[in-house]
Amino acid sequence: MTDLLFYIFAGFTILSAFCVVINQNAVNSAMFMILTFVGVASLSITMQAYFMAILQVLVYGGAIMVLFLFIIMLLGVEGGDKLKPNMLTVLASVSFLAIALVGTVIAFSLFDSPSLGNKISTSISSEADFLVFSSQTSQLGYGLFTKYMLPVQVAGFLLLVAMIGVIYLSKKEVVKTKTLDESIKGSVAGSEVS
Amino acid sequence: MILEVLLHVLAAVLMITVVMTMAGYSVLAERKVSSWIQGRVGPNRTALPILSSIPIVGPLIVGLGLFQPLADGLKFLFKEEVMPGHVNKFYYVLAPIITLIPAMTTMVVLPFGQMIDPESGQRIPLILANIDIGILFIFAVGSLGVYGVVIGGWASNNKYSFLGSVRSSAQMISYELAMGISVIPVLLLANPPGMEGGLSLVNVITSQDSLWNFVLMPISALLFLICLFAETNRTPFDMAESETDLVGGFHTEYGSFKFGLFFVSEYTHIIVGSGVFVALFFGGSNFLPWLPNPWPSGIIGGVFSVLWFIAKVVCMIFLFIWVRWTLPRFRYDQVMNLGWKILLPISIANLVFYIIAFAVYEKLIN
């Protein structure tokens, strides 16, 4: 049952991801991207990562893609400049992707010997024996606030840096318009005085 | 296995039926209450041939307009299906469906009652799916409802529709933040340290056995209620329609059954949102604060608790209608200011206050 669901959702995800790329209408692409996110979320559910699945839908499906759609619809991209991709670029990227994919699969199937698998599992379990595998959200939260505290803080710090960068970049324009406003006001005030 | 699945499907169909009927009758309640507030009579003529000729009951139910939802629904069904020539056909048809499905899906994790098993004496929550991430599921699926508004407004290819959809989706996205943060104290209370907790609403209701969260955290309740009004696009936040300046907002170009779907999904949203609010802050299917539940064990007690829950939800729906016909609409910039500059800081301060309060309480107890 789980296998069947995995194949259904995986096929659905790959198909909609493919449609994101090949669609010429930007709105269609965005809609297929939402479907892709939902598909990835359902794949997470088959792996019992419920929290990740919900976050995928909540953050990417519910918030970020709405902004994407907004930008596309406000700029009116659909029907406008339909990109005609270069044939050579397409061929090169497709062949590279295919080689990379097949290469990865072959590499993993060659090196995935049972002895290696045992090694990996023992090396991890010795460090993480207080983190039991569980689909519960509280376990995830416990892990994030104890063992993975540093990565969480670093990720949060990176986001903060990105936010400050955006504020700094967009602030320049605001300052410019303000000075323009002030100069207009100043000129008006000056004319009133004169 | 198959029997279990069939029972689940039956329960789901039953719940959809109840919620859809309630949606239909909240439309009637909206019309009746609005006419009551404005000193009018409201719908009191619609009659079915045989039922309305019963001596005393007949004129009463006709006067209450109980047949009106049936007539409304049939009107939506039998109207001519107009497809404007300038719309994007696929997305135009898709939008009402996208709006309805999330509104109907969120009720899956809503606990609508409780039953005491007569043999083991354990309490069984009545819920379609008791998943660990209940409240997050509601937020996630509810946030997908924005797409119906966005796509509907865009596909209509009409400036008014598009403005309405841009406004209301911006509003829905900004109020989601304050809404999510205002709920966290409730979940903190429901998951004390050392308990195998979760984000399910069942835990929240169990934590309200003696004291309702509304008494303990009134600010959270108020914040959640305001955000709920914004999320359901009701007055004073009905940026989606704002019929005085945008004709009809994002559904200006919609008619007949497609408009009916938008209409029904709005009321479904209100009902499910009221249910979530009741479960979070008003004790769900618990009887009264400080009083033990009087429900007898077994199915009868379960039925009583469900009816009690529905009664609470009906009170909430009345509040929604009451507010709509009392308060005027906010301006768009006022909505944005309220959301980002007032509600969001208050909700964060509220969260920090309760975190500190719970920590101090834990220290004092130990």
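Protein chains in written order, with this note's numbering: chain A, 490 to 683; chain B, 328 to 693.
C-beta: ideal position from N, C-alpha, C; glycine also.
Owing to the predicted nature of the structure, the values given are computational and were not obtained by experimental measurement.
| query | How about A:F634: is its C-beta nearer than 7 Å to some C-beta of chain B? | reply | For the purposes of this step, residue 634 of chain A is identified with residue 145 of the first sequence, where counting begins at 1. Taking Cβ atoms only, chain B never reaches closer than 7 Å to A:F634, which makes this a no.
Q.
Using beta carbons (cut-off 7 Å, strictly below), is B:D536 in contact with chain A?
A. The residue you call residue 536 of chain B lines up with position 209 of the second sequence. So no, B:D536 is outside the interface.
Give a yes or no on whether 7 Å exceeds the smallest Cβ distance from A:G551 to chain B.
Taking the first residue of the first sequence as 1, we reach residue 551 of chain A at position 62. For A:G551, the answer is yes, since a Cβ of chain B falls inside 7 Å of its Cβ.
| said: Excluding the 5 residues flanking B:V697 on each side, which residues of the same chain have their C-beta closer than 7 Å to its C-beta? | reply: With chain B covering only 328 through 693, there is no way to say anything about residue 697 of chain B.
Sequence-distant residues of the same chain with beta carbon closer than 8 Å to A:M685, five excluded per side: Not covered by the structure: residue 685 of chain A. The range shown for chain A is 490 to 683.
### Query
Excluding the five sequence neighbours on either side, which residues of its own chain have a C-beta within less than 6 Å of the C-beta of A:M686, listed in chain order?
The question about residue 686 of chain A has no answer, for chain A in this structure spans 490 to 683.
So is A:T626 in contact with chain B if we call contact Cβ pairs under 7 Å?
Residue 626 of chain A sits at position 137 when you count from the first residue of the first sequence. Chain B, which has a Cβ nearer than 7 Å to the Cβ of A:T626, makes this yes.
TODO: Note down the Cα distance separating B:M442 from B:P672, rounded to an integer number of angstroms.
DONE: The count along the second sequence starts at 1 and reaches residue 442 of chain B at position 115. The count along the second sequence starts at 1 and reaches residue 672 of chain B at position 345. Taking the straight line joining both Cα atoms gives about 40 Å.
When the Cβ atoms of the region 625-645 of chain B are set against those of the region 454-471 of chain B, are three or more pairs found closer than 8 Å?
With the cut-off at 8 Å, the region 625-645 of chain B and the region 454-471 of chain B do not touch.
Are the C-beta of B:S482 and some C-beta of chain A separated by less than 7 Å?
-> Against the second sequence, residue 482 of chain B aligns to sequence position 155. Residue 482 of chain B is actually Ala in this sequence, not Ser. Output row for B:A482: interface = no.
| Which two residues bound the contiguous alpha helix (DSSP H) that contains B:G491? | Position 164 of the second sequence holds residue 491 of chain B. Segment K486 to A517, the alpha helix (DSSP H) holding B:G491.
Notebook entry, point to check: Does any residue of chain A bring its CB to less than 7 Å from the CB of B:V477?
Noted result: Reading the second sequence from its first residue, position 150 is the one you call residue 477 of chain B. Yes, B:V477 lies at the interface with chain A (some Cβ there is under 7 Å from its Cβ).
Could you have a look at A:Q433 and say whether DSSP puts it in helix, strand or coil? Beyond the ends of chain A as shown, which are 490 and 683, falls residue 433 of chain A; an answer cannot be given.
Worksheet item: Taking Cβ positions only, does B:D459 come closer than 7 Å to chain A?
Response: Working through the second sequence from its first residue, we reach residue 459 of chain B at position 132. Chain A, which has a Cβ nearer than 7 Å to the Cβ of B:D459, makes this yes.
query: So, using beta-carbon positions, are B:A482 and B:N415 closer together than 7 Å?
result: Within the second sequence, residue 482 of chain B is the residue found at index 155, counting from 1. Within the second sequence, residue 415 of chain B is the residue found at index 88, counting from 1. Closer than 7 Å, so yes.
Have a look at the DSSP bridge pairing and note the partners of B:Q441. Stepping through the second sequence from its first residue, residue 441 of chain B is reached at position 114. DSSP output for B:Q441 lists B:P452 as bridge partner(s).
Cα-Cα separation between B:N484 and B:Y581, rounded to whole angstroms:
To locate residue 484 of chain B, count along the second sequence from 1; it is residue 157. To locate residue 581 of chain B, count along the second sequence from 1; it is residue 254. Each residue's alpha carbon lies about 12 Å from the other.
How far does the alpha helix (DSSP H) with B:D399 in it reach, from first residue to last?
-> Here the question's residue 399 of chain B lines up with position 72 in the second sequence. Here the alpha helix (DSSP H) through B:D399 covers Q395 to F405.
Worksheet item: From A:S612 to A:K636, what distance separates their C-alpha atoms?
Response: The sequence position of residue 612 of chain A within the first sequence is 123, counting from 1. The sequence position of residue 636 of chain A within the first sequence is 147, counting from 1. With a pLDDT of only 44 at A:S612, under 50, the local geometry of the prediction cannot be trusted, and no value is derived from it.
task: Tell me, please, whether the CB atom of B:G582 is closer than 7 Å to any CB atom in chain A?
output: The residue given as residue 582 of chain B occupies position 255 in the second sequence. No - not a single Cβ of chain A is within 7 Å of the one on B:G582.
Inset, instruction - Throw me the rounded Cβ distance for the B:Y474 and B:I425 pair, which I believe falls under 8 Å. - result: Position 147 of the second sequence, counted from the first residue, corresponds to residue 474 of chain B. Position 98 of the second sequence, counted from the first residue, corresponds to residue 425 of chain B. Sure, about 5 Å apart at Cβ, within 8 Å.
| query | What did DSSP end up calling B:E357 once you bin it into helix, strand or coil? | reply | Taking the second sequence and counting its residues from 1, the one referred to as residue 357 of chain B is at position 30. The three-state secondary structure of B:E357, taken from DSSP, is helix.
Could you check whether B:L538 and B:P616 sit closer than 7 Å to each other, using their CB atoms as the reference points?
Indexing the second sequence from 1 puts residue 616 of chain B at position 289. Indexing the second sequence from 1 puts residue 538 of chain B at position 211. For B:P616 and B:L538, yes; Cβs fall inside 7 Å.
Worksheet item: Helix, strand or coil for B:D369 per DSSP?
Response: The sequence position of residue 369 of chain B within the second sequence is 42, counting from 1. A quick correction: the sequence has Gly, not Asp, at residue 369 of chain B. In this structure, B:G369 counts as coil in the three-state DSSP scheme.
*With contact counted as at least three CB pairs below 8 Å, one residue from each stretch, are the region 560-578 of chain B and the region 380-399 of chain B in contact?*
no
7 Å Cβ cutoff, A:I497 in contact with chain B:
Position 8 of the first sequence, counted from the first residue, corresponds to residue 497 of chain A. It does not: the Cβ of A:I497 has no partner Cβ on chain B nearer than 7 Å.
Inter-stretch contact (C-beta, 8 Å, three-pair minimum) for the region 543-556 of chain B and the region 598-608 of chain B = yes
Check: What's the C-alpha gap between A:K608 and A:A596?
Finding: Position 119 of the first sequence, counted from the start, is the residue given in the question as residue 608 of chain A. Position 107 of the first sequence, counted from the start, is the residue given in the question as residue 596 of chain A. Legend: pLDDT at A:K608 = 46, less than 50; position of this residue unreliable, no value from coordinates given.
**Message:** Our contact map puts B:T344 next to B:V599 with C-beta atoms below 8 Å; I'd like the distance itself, whole angstroms only.
**Reply:** Here the question's residue 344 of chain B lines up with position 17 in the second sequence. Here the question's residue 599 of chain B lines up with position 272 in the second sequence. Actually they do not touch by this definition, with Cβ atoms about 14 Å apart.
Looking at A:T502 and A:T525, is the spacing between their C-beta atoms short of 7 Å? In the first sequence, the residue the question calls residue 525 of chain A occupies position 36. In the first sequence, the residue the question calls residue 502 of chain A occupies position 13. Yes, Cβ-Cβ distance for A:T525 and A:T502 is below 7 Å.
Checklist entry - Start and end of the alpha helix (DSSP H) containing B:E593? => result Taking the second sequence and counting its residues from 1, the one referred to as residue 593 of chain B is at position 266. Segment S583 to F608, the alpha helix (DSSP H) holding B:E593.
Discussion item. Is there a C-beta anywhere in chain A that falls below 7 Å from the one on B:S470?
Written reply: Indexing the second sequence from 1 puts residue 470 of chain B at position 143. So, interface residue.
Report buried or exposed for A:A720, applying the criterion of at least 16 other Cβ atoms within 10 angstroms of its Cβ. This structure leaves residue 720 of chain A out entirely; chain A is present only between 490 and 683.
In the DSSP assignment, find the unbroken alpha helix (DSSP H) run with B:P429 in it and report its ends.
Along the second sequence, read from residue 1 onward, the residue named residue 429 of chain B stands at position 102. Residues K416 to T432.
| Is it a yes or a no for the region 555-570 of chain B touching the region 368-385 of chain B, going by three-plus beta-carbon pairs under 8 Å? | no
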